[in-house]
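Sequences listed follow chains H and B, in order.
Quick note on numbering: this note's numbering labels position 565 of the first sequence as 757, and the sequence is numbered without any gaps.
Quick note on numbering: this note's numbering labels position 212 of the second sequence as 296, and the sequence is numbered without any gaps.
Remarks on the structure that follows.
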Amino acid sequence: MLALDRKLLRDLWRLKTQVAAIALVMAAGVATLVLAVGAYRSLFETRETYYERYRFADVFAHATRAPEWLAEEIARIPGVAAVETRIVKTAILDIEGMSVPATSMLVSMPEIGDQILNRLYMRQGRTPDPTHSDEVVVNEAFAVAHGFSPGDTFHAIIDGRKRRLTIVGTALSPEYIYALGPWDLMPDDERFAIGWMSRKAMEAAFDLDGAFSQVSVKLLRGASEGEVIERIDALLERYGGRGAYARKDQQSHAFLDAELKQLEAMARILPPIFLFVAAFLINMTLGRLVALEREQIGLMKALGYRSMAIAMHYLKFVAAIAAIGVIIGGVAGTWLGFGMTRLYGDFFHFPFLVFLWGADIYAIAVFVTVGAAVLGGARAVWSVVRLPPAVAMHAAAPTRYRRLLANGWLRGFSQTTIMIGRHILRWPVRAALTVFGISLSVAVLLASLFAFDSIDFMIDFTYFQSDRQDATLEFTLERPALVTSDLERLPGVLAAEPVRMVAVKVRHGHVERRVPIIGKPAGADLSRVLDESFRPVTIPETGFAPSDALADILGVRVGDIVQIETLEGRKRIVDVPVTAVIQGYLGLLSFMDITQVNRLMREGPMVSGAHLAIDESKADELFAEVKDMPLVGSIALQKVSLQKFRETLAENITIMITVYAALAMVIAFGVVYNSARIQLSERGRELASLRVLGFTRNEVAWILLGELAVLTLASLPLGWGLGYIIAWATVQGLQSELYRVPLVITRQTYAEASLVVLAAAAVSALIVKRRINRLDLIEVLKTRE
Amino acid sequence: MGKPVFDVDGLTKVYRTGEVEVHALRGVDMEIDEGEFLVLLGPSGSGKSTLLNILGGLDQATAGTVMFRDIELTAMDERELTLYRREYIGFVFQFYNLVPSLTARENVSLVTEIATDPMRPEEALDMVGLADRLEHFPAQLSGGEQQRVAIARAIAKRPKVLFCDEPTGALDSKTGVRVLEALVAVNQDLGTTTAVITHNVAIGDIAHRVVHFADGKVARIDVNETRRAASEISW
């Protein structure tokens with residue numbers, strides 16, 4: 193081994209703490225990139241593979257009762273590759289040992305042969321035998337939530353009749369990756385099931401002999417989705433068609449897509465910031481580290497080493513540090529990324545996972561980090577290598593300081609404080625860079641932690657400000673409004689508020705969206721709507737009130753006219769003015785007065801469901817009755833829903849945020865520690881001579897740590913500002929038609945982010961303080977500056 | 085001459101670096117009197133710097149005792165040594181060790197701020213002939229001027245003892261003489277006990293006594309019957 197290479201290894205070992213601190217910051221940057229991009233790509237690829245292997249359909253349509261021969265008509269539409277008709281209905285479940293009723297989506301399976309589309313991935317057991325009408329395959333998550341296995345039974349209220357169903361298998365389906373019950377905000381595997389039964393059994397149960405209620409279509413490559421949808425709508429119109437829709441409007445797909453988009457947004461916004469911070473830090477610290485080697489560089493030149501050889505030596509030094517960082521970051525990022533992919537895979541119940549970690553991610557990481565390191569090192573090496581050896585071997589001339597304020601003004605300060613001030617002002621760029629580095633870690637923390645504030649705000653808004661009901665019932669069919677007073681007489685019901693939901697298409701100019709219109713009575717108090725200033729509003733008797741998200745998409749304001757096309761009952765197209773814009777974060781919502789909805793449908797006072805306020809103590813009694821009510825198609829419970837919402841977020845977001853926050857802490861520590869450490873190398877002699885003059889350890893430490901304290905404090909407000917901007921960008925990235933994330937950062941979060949950074953600074957200060965305590969006083973008398 | 089400021093008895097210092105033991109001092113006995121101007125001469129590694137470091141409270145002895153007046157220096161811990169340096173001792177280094185970010189006046193203030201009965205910084209700088217350089221930063225001063233600022237900084241707190249390690253080592257003869265003049269003036273005007281370490285035999289002429297070191301021991305002590313003025317010597 194060459195002497196220079198041996199020197200390299202020893203230098204790395206000598207500076208091991210600093211090397212570790214820099215490498216860790218780099219590792220943090222690399223890890224976020226590898227983790228976020230890898231997890232996103234893997235999940236995306238997993239979904240695509242899953243869809244393809246299990247033939248997830250492209251277009252879906254529901255009807256009340258369509259004759260089976262229509263399937264052939266649909267198959268003849270140009271661009272259609274495959275058609276499968278099914279019966280899809282909801283049912284209330286009564287499960288032993290569970291007082292709360294559950295809801296099930298019942299889906300028919302062909303009597304003979306395999307499913308053509310939306311195929312099941314059987315986990316356990318077999319498919320239902322058409323000759324046994326009580327057999328059902330359930331989704332695995334539901335079975336797991338209840339500890340069910342093939343052979344177990346539960347009750348279902350199918351079209352008003354209570355029946356015992358026997359589980360013969362468990363399965364996964366590309367159609368219900370994200371299985372969301374009616375009115376639920378998060379999947380609840382205990383309370384929402386998918387049950388696949390034989391077509392024959394369902395035809396009999398729902399009186400749909402020779403008819404179907406749902407059709408799925410697979411398109412040929414290059415087929416026009418819009419045209420096929422139009423043709424299907426035309427065919428189904430007479431049979432209670434509710435408007436065909438494409439994948440992007442399919443619930444499971446849309447939610448999954450929104451989740452993946454969020455992951456992608458995270459991958460697009462945070463890793464570049466981490467990587468940038470890391471690169472910046474490396475550039476700064478390695479540059480200064482090399483500058484400290486000035487005398488050694490002079491010596492090597494004096495010994496006859498070529499400038500090139502010396503430069504290579506130091507570039508190897510910085511590249512070695514970068515390599516350590518990239519390796520740690522690459523391994524950690526891959527490990528965390530696999531973990532996160534598995535976590536999401538479990539959450540979505542993917543039958544398998546495709547891990548896709550392209551070489552390009554690692555290449556980018558290596559390129560950015562090693563590049564930044566080498567650039568930082570090269571700049572410093574070059575400035576020294578250019579000097580004649582005799583000059584380089586001498587210490588740099590004493591730095592010229594300037595007086596920046598009149599003496600009188602400074603009289604109140606001690607000389608040590610003046611030293612801090614002058615040192616900062618003498619190196620304004622360096623101080624600014626340090627401030628910037630620390631502020632970035634504040635910003636990254638803020639941009640990670642604010643998610644909790646925004647979610648809390650959404651929870652408060654959704655569950656405590658607007659949807660304050662305890663339960664929501666959805667009927668199997670529209671019922672006369674009188675049913676509301678029947679509901680009020682049920683045990684434990686304190687109040688019942690009618691709802692009429694109708695699926696419609698809303699159009700403004702060229703923009704069109706399928707949304708449900710929710711009809712509410714004037715003065716609705718359980719489920720309220722709030723305007724954009726969060727004040728409860730009464731929906732105007734006439735007109736249409738979209739949520740702000742929908743209004744943005746349609747490009748409408750109060751006073752504009754939108755066209756509404758009903759997708760249920762007899763098709764009607766009417767022009768309606770927008771009379772209010774409503775605040776809403778989840779989904780595309782729109783509201784109308786309930787009487788106006790009924791008028792739109794040309795029907796009398798009808799309701800499709802009701803919101804209930806419940807006396808908690810009589811809830812079991814109520815649930816027992818609801819389970820036996822033929823008119824109830826599904827029931828949603830706000831409290832359970834909220835709990836689920838929190839749990840799911842805890843599972844997904846907390847882990848991701850914790851990872852990012854931890855990495856931000858590594859950066860904060862890295863910036864402060866490296867700043868302090870380099871300062872100590874540069875000024876150790878100065879500090880030691882003060883110790884010789886009789887200054888105590890603490891007095892001397894103050895000169896260095898006081899400066900860091902000033903810079904750290906100065907970085908906080910800047911960090912808050914940068915953090916707000918990053919959080920804003922993140923929120924923009926997270927927007928989808930299913931969610932709008934409000935940008936909420938509480939003072940507590942600002943304080944937390946600041947405290948974490950201050951703590952990281954304090955820890956590095958303590959480590960450096962120990963070194964200051966050990967300064968060699970005698971060496972000072974010997975060595976020259 | 086008055087009573088001894090330092091009473092050194094059997095002072096031994098052994099450095100252990102890895103497996104090697106270096107005997108820097110092998111039982112030194114000597115006294116330094118109040119107000120005395122002492123020059124310590126000897127080759128590198130003869131132990132003079134080690135003695136000065138221990139007397140100055142920068143290092144601890146392996147064996148033997150040092151009495152500073154009635155206090156046993158060799159029994160002090162790190163904190164007490166810091167206070168001792170702060171209270172009684174002034175240092176002048178070969179390479180000045182000024183704080184580059186402070187002006188001449190501020191460098192002196194650095195010490196007067198933590199001392200109990202200091203002189204004004206201007207007064208101290210006047211004593212070394214730098215009354216007109218108060219507001220200059222180290223980078224704006226010549227080597228000799230920087231060293232005189234260092235002397236002013238060392239004497240401004242009215243130390244009992246002034247230790248100088250090769251104070252002229254980095255200076256040319258003419259400038260060195262000016263620095264020595266300042267040291268002698270301080271010794272005479274303030275009565276500060278002064279010990280100067282040097283390789284430079286010529287400087288011995290300005291001392292009351294010259295202590296010769298060799299192999300970690302005092303080889304011999306010469307007493308100058310007649311001292312020469314600093315301006316009379318050169319090298």
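Beta carbons: idealized from backbone N, C-alpha and C, even for Gly.
ask   = According to the Cβ coordinates, are Ile516/H and Val211/H closer than 8 Å?
value = Position 324 of the first sequence, counting from 1, holds the residue named residue 516/H. Position 19 of the first sequence, counting from 1, holds the residue named residue 211/H. Yes, Cβ-Cβ distance for Ile516/H and Val211/H is below 8 Å.
Which residues bound the alpha helix (DSSP H) around Met301/H?
The sequence position of residue 301/H within the first sequence is 109, counting from 1. Run containing Met301/H: none in the alpha helix (DSSP H); it sits in the beta strand (DSSP E), Ala294 to Met301.
ask   = So is Gln661/H buried or exposed if we call it buried at 16+ other beta carbons inside 10 Å?
value = The residue you call residue 661/H lines up with position 469 of the first sequence. By the neighbour-count rule (16 or more Cβ atoms within 10 Å), Gln661/H is buried.
Checklist entry - From Asp740/H to Gln927/H, what distance separates their C-alpha atoms? => result For the purposes of this step, residue 740/H is taken as residue 548 along the first sequence, with counting starting at 1. For the purposes of this step, residue 927/H is taken as residue 735 along the first sequence, with counting starting at 1. Roughly 12 Å separates the two Cα atoms.
Runs of beta strand (DSSP E) wholly within the segment 385 to 469 of chain H (minimum 3 residues, chain order): Restricting attention to beta strand (DSSP E) runs no shorter than 3 residues, the segment 385 to 469 of chain H encloses them at 403 to 411, ordered along the chain.
Notebook entry, point to check: Is DSSP giving Phe90/B helix, strand or coil here?
Noted result: As a working mapping, residue 90/B is identified with position 6 in the second sequence. In the structure shown, Phe90/B falls within a strand segment according to DSSP collapsed to helix, strand and coil.
Notebook entry, point to check: Of the choices Met798/H, Ala893/H and Pro379/H, whose alpha-carbon is the least far from that of Leu167/H?
Noted result: Residue 167/H lies beyond the residue range present for chain H, which begins at 193 and ends at 977; the question has no answer from this structure.
- Query: Got a sec, what are the start and stop residues for the alpha helix (DSSP H) Arg233/H sits in?
  - Reply: As a working note, residue 233/H is residue 41 in the first sequence. Here the alpha helix (DSSP H) through Arg233/H covers Lys208 to Arg245.
According to DSSP, residues forming a beta bridge with Tyr99/B = On the second sequence, residue 99/B is found 15 positions in, with the first residue counted as 1. Tyr99/B pairs with Val106/B.
- Query: Is the distance from the Cβ of Val222/H to the Cβ of Gly550/H below 8 Å?
  - Reply: Taking the first sequence and counting its residues from 1, one reaches residue 222/H at position 30. Taking the first sequence and counting its residues from 1, one reaches residue 550/H at position 358. Against a cut-off of 8 Å, the Cβ pair of Gly550/H and Val222/H comes out as no contact.
Q) Using a Cβ cut-off of 7 Å, which residues of the segment 95 to 111 of chain B contact any Cβ in chain H, in chain order? A) Of all residues in the segment 95 to 111 of chain B, none has a Cβ within less than 7 Å of some Cβ in chain H.
- Item | Euclidean distance between Cα positions of Ile386/H and Ala371/H | Residue numbering aside, residue 386/H sits at position 194 when the first sequence is read from its first letter. Residue numbering aside, residue 371/H sits at position 179 when the first sequence is read from its first letter. The C-alpha of Ala371/H is placed about 8 Å away from the C-alpha of Ile386/H.
**Item:** Cβ-based burial, Ile130/B [other Cβ within 10 Å; buried from 16]
**Value:** The residue labelled residue 130/B in the question sits at position 46 within the second sequence. Inspection of the sequence shows that residue 130/B is occupied by Ser rather than by Ile. Buried is the call here.
If you reduce the DSSP assignment to three classes, tell me which class Lys697/H lands in.
Here residue 697/H refers to the residue found at position 505 when the first sequence is read from its first residue. Here Lys697/H carries a strand assignment [DSSP, helix/strand/coil].
Local conformation of Ala673/H per DSSP, three classes
Against the first sequence, residue 673/H aligns to sequence position 481. Here Ala673/H sits in coil by DSSP.
### Query
Which term fits Ala1016/H, buried or exposed, when burial requires 16 or more other beta carbons within 10 angstroms of its beta carbon?
Given a span of 193 to 977 for chain H in the structure shown, any question on residue 1016/H remains unanswerable.
### Delimiting residues of the beta strand (DSSP E) encompassing Phe653/H
For the purposes of this step, residue 653/H is taken as the residue at position 461 of the first sequence. Counting along the chain, Phe653/H falls outside any beta strand (DSSP E), and DSSP gives it neither H nor E.
Does any residue of chain B bring its CB to less than 8 Å from the CB of Gln607/H?
-> Taking the first residue of the first sequence as 1, we reach residue 607/H at position 415. Under the 8 Å criterion on CB atoms, Gln607/H is classed as interfacial with respect to chain B.
Q. Which of helix, strand or coil does DSSP assign to His338/H?
A. Within the first sequence, numbered from 1, the residue matching residue 338/H stands at position 146. Here His338/H sits in helix by DSSP.
- C-beta contact flag for Leu364/H and Phe346/H at 8 Å: As a working note, residue 364/H is residue 172 in the first sequence. As a working note, residue 346/H is residue 154 in the first sequence. In this structure, Phe346/H does not lie closer than 8 Å to Leu364/H by Cβ.
| Which runs of the alpha helix (DSSP H), 4 residues or longer, sit entirely within the segment 885 to 951 of chain H? | Restricting attention to alpha helix (DSSP H) runs no shorter than 4 residues, the segment 885 to 951 of chain H encloses them at 889 to 926, ordered along the chain.
Q.
Using a Cβ-Cβ cutoff of 9 Å, what residues of the segment 535 to 567 of chain H are near chain B? List them in chain order.
A. For chain B, none of the residues of the segment 535 to 567 of chain H brings a beta carbon within less than 9 Å of one of its beta carbons.
Out of Arg232/B, Thr166/B and Asn181/B, state which residue places its alpha-carbon closest to the alpha-carbon of Pro205/B. The residue given as residue 205/B occupies position 121 in the second sequence. Closest option to Pro205/B, Cα to Cα, is Arg232/B.
- [ ] Give me the Cβ distance between Lys410/H and Ala249/H, rounded to the nearest whole Å; I'm assuming they're in contact under 8 Å.
- [x] Here residue 410/H refers to the residue found at position 218 of the first sequence. Here residue 249/H refers to the residue found at position 57 of the first sequence. Contact flag correct, Cβ pair sits at about 5 Å.
Notebook entry, point to check: Could you give the uninterrupted runs of the alpha helix (DSSP H) lying entirely in the segment 829 to 860 of chain H, keeping only those of 4 residues or more?
Noted result: Residue ranges of uninterrupted alpha helix (DSSP H) with 4 or more members, entirely inside the segment 829 to 860 of chain H and ordered along the chain, are 830 to 841.
Report yes or no: is there a C-beta of chain B within less than 8 Å of the C-beta of Phe653/H? Residue numbering aside, residue 653/H sits at position 461 when the first sequence is read from its first letter. Not closer than 8 Å to any Cβ of chain B, the Cβ of Phe653/H fails to qualify, so no.
Just to confirm the assignment, what range does the alpha helix (DSSP H) spanning Tyr368/H have? Mapped onto the first sequence, residue 368/H falls at position 176. Taken as a continuous stretch (DSSP letters only), Tyr368/H belongs to no alpha helix (DSSP H), as it is neither H nor E.
- Query: With a CB to CB cut of under 6 Å and the five nearest residues on each side skipped, what residues in its chain are close to Pro822/H?
  - Reply: Translated into the one-based positions of the first sequence, residue 822/H becomes position 630. Shown here for Pro822/H: same chain residues with a beta carbon closer than 6 Å to its own, the five before and five after excluded, namely Gly352 in chain order.
Worksheet entry | Nonlocal neighbours in the same chain, by C-beta distance under 6 Å from Arg699/H, ignoring five residues either side | Indexing the first sequence from 1 puts residue 699/H at position 507. Only Gln755 meet the Cβ criterion.
| task | Measure from the C-beta of Asn271/B to each C-beta in chain H and report whether the shortest distance is under 8 Å. | result | Stepping through the second sequence from its first residue, residue 271/B is reached at position 187. With its beta carbon at least 8 Å from every one in chain H, Asn271/B lies outside the interface.
Going by DSSP in three states, Arg963/H sits in which element: helix, strand or coil? In the first sequence, counting from the first residue as 1, residue 963/H sits at position 771. Reduced to three states, the DSSP call for Arg963/H is helix.
request  = Can you check DSSP and say which residues form a bridge with His296/B?
outcome  = As a position in the second sequence, residue 296/B is number 212, starting the count at 1. As DSSP reads the structure, His296/B sits in a beta bridge with Leu125/B and Arg304/B.
Identify, in the order they occur along the chain, each residue of the same chain with its Cβ nearer than 6 Å to the Cβ of Trp912/H, setting aside the five sequence neighbours on each side. On the first sequence, residue 912/H is found 720 positions in, with the first residue counted as 1. Cβ within range, chain order: Tyr942.
- Is the CB of Arg204/B under 8 Å away from at least one CB in chain H? Translated into the one-based positions of the second sequence, residue 204/B becomes position 120. The C-beta of Arg204/B comes no closer than 8 Å to any C-beta of chain H.
Mind checking whether Ala208/B and Ala254/B have CB atoms under 8 Å apart? Translated into the one-based positions of the second sequence, residue 208/B becomes position 124. Translated into the one-based positions of the second sequence, residue 254/B becomes position 170. Cβ distance not < 8 Å, so Ala208/B and Ala254/B don't count as in contact.
Exercise for review: Spell out a yes or no on whether the segment 392 to 412 of chain H and the segment 300 to 310 of chain H are touching, meaning 3 or more CB-CB pairs, one atom from each, closer than 8 Å.
Suggested key: The segment 392 to 412 of chain H is in contact with the segment 300 to 310 of chain H.
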